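Engineer:
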Amino acid sequence: MDRLQEMIGNAFSKYGQFVARRPMLFLLAPMVLCLFGLGLLRLETTDNVEEVYTPMNSQASKDRATIANIFGDKTGSNFYTQNLVYSGLYGDIIFKTKNSQTILDDVIIDEILRISQMVMAFQISSDNGTLTYSDVCAQNSGHCVVEGDIFFTSDFRNRIRTSNVTYPYIDNVSIRSTFGNIEVLNGKLNFSNFVRLRFYLRQDTDYFRSLSRKWEDKFIDAMAGLTSNVTDIAYANSRSLDNELNANIGGDIVFFSITFTLMIVYATMVTTSFTCNCLTDRQHLGRAGVMAAGFAILTSMGFVSLCGVQFVDIVGFMPFLIIVGIGVDDMFLLLAGLSETYETATKDGKQWTVESRVMYTMRKSGIGITITSVTDVIAFLAGISSSFLGVRNFCIYTGEYNYAANSKRSAVFFCYIFQITFFLACIVLHLKRMENNKHCCICFYPISQIDKKKSNPLERFFCDGQSPDEDIFKRKLLSNLHLLNSYIAFMPFRVVKHDDLDEAIGRKINRIAKGDDDLKKRIVHMCKYTAPNDIDQIIVNVENAVLRDQQKESYETMKKDNVGNLEKMLTIDSKDSKERRRRIEGPLEWGPPALFNWFLSKSVYKVFVGILILVYIPIAIWGCTKYREGLILSNLVSEDSYYYRYSTWDDSFFANSAPISFVISGTRGYSNSESKQFLDEIVESAQNDQSIDGTLQLNWYHDFIQSPFYTPNQTEANFISSLRNNFLPAHPFFENDIKFDASFTSIASSRIYVFSVDIKDSTEQGKLMKRMRNIAHKYSNVIAYSPGFIFYEQYVAILPNTLQTVGIAVGAIFLVTFFFMPSVRVIFLVSMSMVLLMVGLFGFMFLWDLSLSSVTMIHIIMSVGFSVDFSAHICHGFSSSKQSTNEHKVKEAVRKAGGPIFNGAISSLIGIIMLIFSKSYIFQSFFKVMLLIIVLGIAHSLFFLPVILTISCRQPPATE
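Numbering (the numbering used here), first residue to last: 78 to 1037.
1. Are the C-beta atoms of Ser-995 and some chain C residue less than 7 Å apart?
2. With three or more beta-carbon pairs closer than 8 Å as the criterion, would you say the segment 683–691 touches the segment 807–822?
3. Under a three-way DSSP split, which group does Thr-423 fall into?
4. Whose C-alpha, out of Leu-918, Asn-980, Ser-750 and Arg-660, is nearest the C-alpha of Glu-420?
5. Count Cβ pairs between the segment 898–906 and the segment 943–954 that sit closer than 8 Å; are there 3 or more?
6. Can you confirm whether the segment 668–677 touches the segment 888–898 when touching is taken to mean that 3 or more C-beta pairs between the two stretches lie within less than 8 Å?
7. Could you tell me which whole alpha helix (DSSP H) segments of length 4 or greater appear in the segment 210–279?
8. Would you list the residues sitting across from Tyr-872 in a DSSP beta bridge?
9. Distance, Cα to Cα, Pro-877 vs Leu-929?
10. Going by Cα to Cα distance, which pick from Asn-134, Thr-498 and Asn-125 is closest to Asn-38?
11. Out of Phe-388, Tyr-778, Phe-103 and Val-1012, state which residue places its alpha-carbon closest to the alpha-carbon of Gly-917.
12. Among the residues of its own chain, which have a CB less than 8 Å from the CB of Gln-774, if the five just before and after it don't count?
13. In whole angstroms, what is the alpha-carbon distance linking Val-261 and Gln-754?
14. Quick one, are the C-beta atoms of Ile-171 and Ala-311 less than 7 Å apart?
15. Taking DSSP as the reference, what is the three-state secondary structure of Pro-132?
16. Kindly list the residues whose CB is nearer than 7 Å to the CB of Tyr-167, restricted to its own chain and excluding five residues on each side of it in sequence; keep chain order.
17. What's the C-alpha gap between Val-1006 and Asn-134?
18. Considering only residues of the same chain and omitting the five flanking positions on each side of Phe-388, which have a CB-CB separation below 6 Å?
19. Using CA coordinates, which residue listed in Ala-861, Ile-836, Phe-811 and Ser-827 is at the minimum distance from Asn-217?
20. Counting C-beta neighbours from all protein chains within 10 Å, is the total for Leu-118 16 or more, i.e. buried, or is it exposed?
21. What are the boundary residues of the beta strand (DSSP E) that includes Phe-817?
22. Go ahead and label Ala-106 buried or exposed: buried means 16 or more other beta carbons lie within 10 angstroms of its beta carbon, across all protein chains shown.
23. Return the CA-CA distance between Asp-577 and Leu-356, expressed in angstroms with no decimal places.
24. Are there 16 or more other CB atoms within 10 angstroms of the CB of Ile-461, so buried, or fewer, so exposed?
25. Between Ala-488 and Thr-498, how many whole angstroms is the CB-CB distance? I'm expecting something under 8 Å.
26. Kindly indicate the opening and closing residues of the alpha helix (DSSP H) around Arg-850.
27. Okay, do the segment 490–509 and the segment 359–367 touch, 3+ Cβ pairs below 8 Å being the bar?
28. According to the neighbour-count rule (16 or more other Cβ atoms, all chains shown, within 10 Å of its Cβ), is Phe-821 buried or exposed?
29. Going by alpha carbons, who is nearest to Thr-452 out of Ile-403, Phe-465 and Arg-469?
30. Going straight from the alpha carbon of Ile-885 to that of Ser-463, what length do you get?
31. Find the nearest neighbour of Asn-795 within the set Thr-772, Ser-823, Cys-517 and His-779, judged by alpha-carbon distance.
32. For Cys-517 and Ala-370, which I take to be in contact (beta-carbon distance under 8 Å), what is that distance rounded to the nearest angstrom?
33. Given a threshold of 16 other Cβ atoms within 10 Å of its Cβ, counted over all protein chains shown, does Tyr-284 qualify as buried or as exposed?
34. Between Phe-113, Gln-767 and Thr-304, which has its C-alpha nearest Ser-377's C-alpha?
35. Along the chain, where does the alpha helix (DSSP H) containing Asn-963 start, and where does it finish?
36. Provide the residue span of the beta strand (DSSP E) that contains Tyr-167, from first to last.
Here it is in structure tokens:
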């Protein structure tokens, strides 16, 4: 296992060497990939809520296609609302009385009638001139069908006066969907302050469908300026949700530019050491890391657009994910690996070079960012198997699959490529700049010698700088000048004039002093005499000094007493190596790991974390048992949208009762008693369901055999003739429910209806659909269908889809993690951490009122990869540590990986903070889930996991 890790490390090290020798190539070559961004010119979008948020190729969509093919569309001739196979085209108005007074009043009816007439007068232009609603309306017997127009009839007004408005039917016409917020007393409508008018439109031909959509647009524009002194008004058309969702997402994209700016600011802060050192400052690297993530987003979206994949609204938060969740994390990991070279000795004991530092960085951090990137890619590729178009296309954009080329690429993949090419090349150029003593901002400008007495603060702030070794040596020299003086006192002397100081001591002291006259004077005062030539010989290698024979004895005494101390004090040891790293890193990089390690050394902290784990697990499990399925479509738009008011009133005050048709296909003899028994069994089984109204059915067969046109025991030919020539002309209500064969001698297909009760809960809606299908499946060639089933499908499919996708992702991630970290204990701990984080995410989603839907399913897929990211860094640092005890290994892992984890989490938090102000449910839910992932990820990786690692499999300290 160790050999495998060594091989992988060597491969990354060789790659780092290759980049270090050709930085400009790897800086410019990735820019060619950005040309894929031109593919955004071919970006295709889809804003159809049904397509995006319901399962593809669902049973309901297949049944709908079958039924539509059988019965066709009758909106232009004989339209009845229960015959709708699709949701239909319409303009919808909900009226609410002011001051909560009853709507059953002549004055209010007159006002609503006035508005209704205005709506019917809305005009649109066409090739045939100006058209109004009557030209494009759905028709029945030559009249426009407006659901709720019973409200205007004289019979209804008379019923109001006599308090005889029966509910839910008036002369076999259902008014359940017409009135809202009702009070019913003894079967009579006693109060209602909501009424709905729905203006249905033709869609039987492409021509009329186009005109109807045009009228829908006119309807929305005109209703926006319409007011009433008597009622409040809410309105919508069949495409309002699609249009408002698209506009909502588009408006929130502006937050991306703000987030990008915030990320650059934070990356600059983290990579700033705040020591005013213009040589070692790494601000440009922070900005380059964020830019690399931005280039990846541009490349990815352009590439997928070129492949012809449609952009869906959910993809809108992909840039936030790439920048805040993946790209910046990789940048911090690479910078942490680079920082390690300043506290670690090279294998061969030689000085660090640019090439060796880059090789070490890739050996240490290359594995870490590869693990996280591969696991994230796998998680999103698993999402491509989802039956939800929104989930699939999001995962294609984030974890792309090019079907034409049969190859896999991803935004995560491109982000990884830009980090190990563009950003790594920036690291090389940064190291070369330091090696050449060039300014951090003006890279061609050399760091000059600053006279701190004569220079002003701004000059020192913008121009001063020195390497970490020089800085540490200067500090040590200042604190040990008395030892230097004691040593010099025993050396072969010669007088040195003050003016000859630089020439006598050599260039090193001059570099150390950096133009500091005060330091020079102190050295001059202490060093009245000095050895010839090179100060390095005095400080580092005293044994090689040329001594006079008569001074040997006194020198040996001096060496024992003073020189040894001097060498020890001026030699950069392990403690100084940590300080050297701190002078490279900023406080936000080295501070958090130091704090967490301080906590780890306290027993009370470990006890506290243990108690926290014991409290966290049962709460998370309890939350998982309470999870809810379903997506409230009104949540997809902002509260200031006209559709939000409409959908809120609709959901809150109107009954959600729907016709459910049982379609019987195939030729069968309807004249015999078996057919009657067969149809009665279907209706009886359905009406015995608790969610079906047992008092109502629309059954042509039932009405026909009770009509005077039916004769018992008649032949099939007579049955068909009487039905077709006598019953249906007298009852056109049923004409659309019977499909005769080409010869009109038998019935090819027919349908009957039952009606559901008011069901608001999405889970119950999904269960109702399954129960109705189970009834239909008892018989051959029977389909149970309702237009609402299209959306009910998501409630049935979301949990299996989520479990399937997460299962695939977890299995693949497990194998990848084992390949890079082949340790059974480490894999167990990573898996345990991932499971606990996922359980916590599910549990706390319930506590934050988030249901399981196609939107949150994406977040869950995303969290699978992130849950590994957080724990993998600590476990990789733990498994690669050479320390002797678990506690020391954990502290080393936290010291090396804690900074990137902490800054990755904080940068993620900054990246999503703007989404608090979003009007979109999609972005708001993304914020909530991301916040949960960040908090739980930090808790697991920097609190739970280190404590578990320190107490698990304890081993005694190694003996010398």
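Where is the CB? At the ideal position from N, CA and C, for every residue including glycine.
Please read all numbers here as calculations on a predicted model, not as lab measurements.
Structural biologist: Reading off the structure:
1. Among the chains of the structure shown, chain C does not appear; only one protein chain is present.
2. Flag = no, the segment 683–691 and the segment 807–822 do not touch.
3. Secondary structure of Thr-423 (DSSP, three-state): coil.
4. Checking every option, the nearest Cα to that of Glu-420 belongs to Arg-660.
5. Taking a contact to require three or more Cβ pairs closer than 8 Å, the segment 898–906 and the segment 943–954 qualify as touching.
6. Result no; under three Cβ-Cβ pairs closer than 8 Å.
7. Along the length of the segment 210–279, whole alpha helix (DSSP H) runs at least 4 residues long occupy 210–213 and 231–238, reported in chain order.
8. For Tyr-872, which the question treats as bridged, DSSP gives no partner whatsoever.
9. When rounded, the separation of the alpha-carbon atoms in Pro-877 and Leu-929 is 11 Å.
10. Any question about residue 38 goes unanswered here, given that the chain covers just 78 to 1037.
11. The candidate whose alpha carbon is nearest that of Gly-917 is Val-1012.
12. Same-chain partners within the cutoff: Val-760, Gln-764, Ile-829, Tyr-830, Val-831 and Phe-832.
13. Cα to Cα, the separation comes out at about 36 Å.
14. Contact flag set, yes.
15. In this structure, Pro-132 counts as strand in the three-state DSSP scheme.
16. Around Tyr-167: Arg-275, Phe-276, Tyr-277, Leu-278, Asn-314 and Ser-315.
17. One C-alpha to the other measures close to 29 Å.
18. Leu-120 and Thr-122, listed in sequence order.
19. The residue among Ala-861, Ile-836, Phe-811 and Ser-827 with its C-alpha nearest the C-alpha of Asn-217 is Phe-811.
20. In this structure Leu-118 is exposed. Its beta-carbon is surrounded by fewer than 16 other beta-carbon atoms within 10 angstroms.
21. Judged by DSSP secondary structure, Phe-817 falls within the beta strand (DSSP E) whose first and last residues are 815–817.
22. Counting the other Cβ atoms within 10 Å of the Cβ of Ala-106 gives fewer than 16, which makes it exposed.
23. Any reading at Asp-577 must be qualified, since the residue scores a pLDDT of 37, below 50, and its modelled position is unreliable; the value itself is stated next. Roughly 29 Å between the two C-alpha positions.
24. By the neighbour-count rule (16 or more Cβ atoms within 10 Å), Ile-461 is buried.
25. Under the criterion of beta carbons closer than 8 Å, Ala-488 and Thr-498 do not qualify as touching, at roughly 16 Å.
26. 839–853 is the extent of the alpha helix (DSSP H) around Arg-850.
27. Segments in contact, yes.
28. Exposed, by the Cβ-count rule.
29. That would be Ile-403, whose Cα lies nearest to the Cα of Thr-452.
30. Between the C-alpha atoms of Ile-885 and Ser-463 there is a straight-line separation of about 11 Å.
31. If you compare the alpha carbons of Thr-772, Ser-823, Cys-517 and His-779 with that of Asn-795, the shortest gap goes to Ser-823.
32. Actually they are not in contact, since the Cβ atoms of Cys-517 and Ala-370 sit about 22 Å apart, beyond 8 Å.
33. Exposed, because fewer than 16 other Cβ atoms sit within 10 Å of the Cβ of Tyr-284.
34. Put simply, of Phe-113, Gln-767 and Thr-304 the residue whose alpha carbon is nearest the alpha carbon of Ser-377 is Phe-113.
35. Element bounds for Asn-963: 963–990.
36. Segment 167–174, the beta strand (DSSP E) holding Tyr-167.
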